[in-house]
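For reference, the structure discussed in these notes is given below.
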Amino acid sequence: MDVVLEEKHSHAGLSNENEPPLLGTAELLLATDFSELVAEVRQLQRRRIRMVSIRRQRACRIGLPNLKMVLEDAGLQICTVGFAGGFTGTLGRGYRQAVDDTRRALDFAAALNARGVVVMSGSRGNHTYNHAARTIRDGLFDCLDDALRLRIDMLVPLTTMFGKQTDVFEPRCDSMLDWIDEFDNHRIKGMMMLRRRSPLKGLPACWERCLRSGGALRIGRRCRRTLGSHNVVAEIALRLRDVAVPVS
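Residue numbers 1 to 248, in UniProt numbering, belong to the letters of the sequence shown in order.
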């Protein structure tokens with residue numbers, strides 16, 4: 001499940017600064033073919049879920065036209081599409097492969113009207129620190145024109161998504177989000193993974209800043225299974241205080 005903050009908009013489509021942001025949640029789609037997708041979407045509708053995230057590999061198996069048709073008919077929005085990237089080579093892709101893959105993912109996300117693409121930086125690996133940092137920066141900026149043109153965010157995980165530490169870069173900044181801020185672009189944002197039993201225990205102190213700056217939190221299965229999705233979201237909302245929670 002992904003957690004994001006959404007701005008409330010007026011009937012004219014303008015952001016309403018007087019209203020607190022809405023704490024939005026997106027369920028991760030598990031379907032691998034069309035029939036499974038239809039059945040899963042029906043369940044999501046019964047639960048009054050309005051936003052989902054999807055892995056690109058599963059989406060490709062279902063087919064973009066079928067996926068788009070079913071989700072639009074159900075009134076479901078796409079939060080994130082994942083994953084792409086791996087610019088440093090630690091995920092088995094060369095630099096140019098990672099850039100090309102990320103650009104394809106941005107096009108794919110735009111076709112689904114998604115909010116963002118999860119873009120893995122890759123870890124330092126055998127690079128020097130400065131070379132790894134420069135490689136990641138170059139990779140993101142090689143894809144930035146596409147992200148700006150398509151209006152799709154690139155969400156860069158700041159904590160491991162795979163649990164193997166080969167997917168994330170560890171910057172030397174006081175805060176991991178300071179590293180994201182150094183890119184100085186509103187289409188490059190952070191993403192964090194919540195894995196532990198207590199959803200916010202052990203998370204970097206900047207998790208709240210990550211959400212407020214337009215980034216996302218991903219709630220791991222173990223965390224959800226132990227505490228329950230509703231309790232995790234409730235605790236996040238309690239910590240944030242000035243956000244609205246949708247009524248189901």
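A virtual CB, placed ideally from N, CA and C, is assigned to each residue, including glycine. All figures in this text were calculated on a predicted structure; none of them were measured in a lab.
Here the segment 174-187 makes contact with the segment 137-154; the two share three or more CB pairs at distances below 8 Å. Taking the Cα positions, residue 121 is about 15 Å away from residue 106.
Annotation: residue 55 to residue 93 spans about 18 Å, alpha carbon to alpha carbon.
Between residue 22 and residue 6, the C-beta gap is smaller than 8 Å, which places the two residues in contact. By the Cβ test, the segment 94-105 is not in contact with the segment 162-180, since fewer than three Cβ pairs between them sit closer than 8 Å. Within the same chain, and ignoring the five residues on either side of residue 44 in sequence, the residues whose Cβ sits closer than 8 Å to its Cβ are 27, 52, 74, 76. Judged by DSSP secondary structure, residue 189 falls within the beta strand (DSSP E) whose first and last residues are 188-194. Scanning the segment 120-193 for uninterrupted alpha helix (DSSP H) segments of 4 residues or longer gives 129-150, 176-182, listed from N- to C-terminal end. The three-state secondary structure of residue 84, taken from DSSP, is strand. Residue state for residue 62 is assigned as helix, using DSSP reduced to three classes. Cβ-Cβ distances below 8 Å link residue 66 to 34, 37 in the same chain, with the five nearest sequence neighbours on each side left out; the list follows chain order. When the Cα atoms are used, residue 30 and residue 124 turn out to be separated by approximately 31 Å. Taken through DSSP and simplified to helix, strand or coil, residue 2 comes out as strand. Nearest to residue 114 by alpha-carbon distance, out of 80, 169, 88, is 80.
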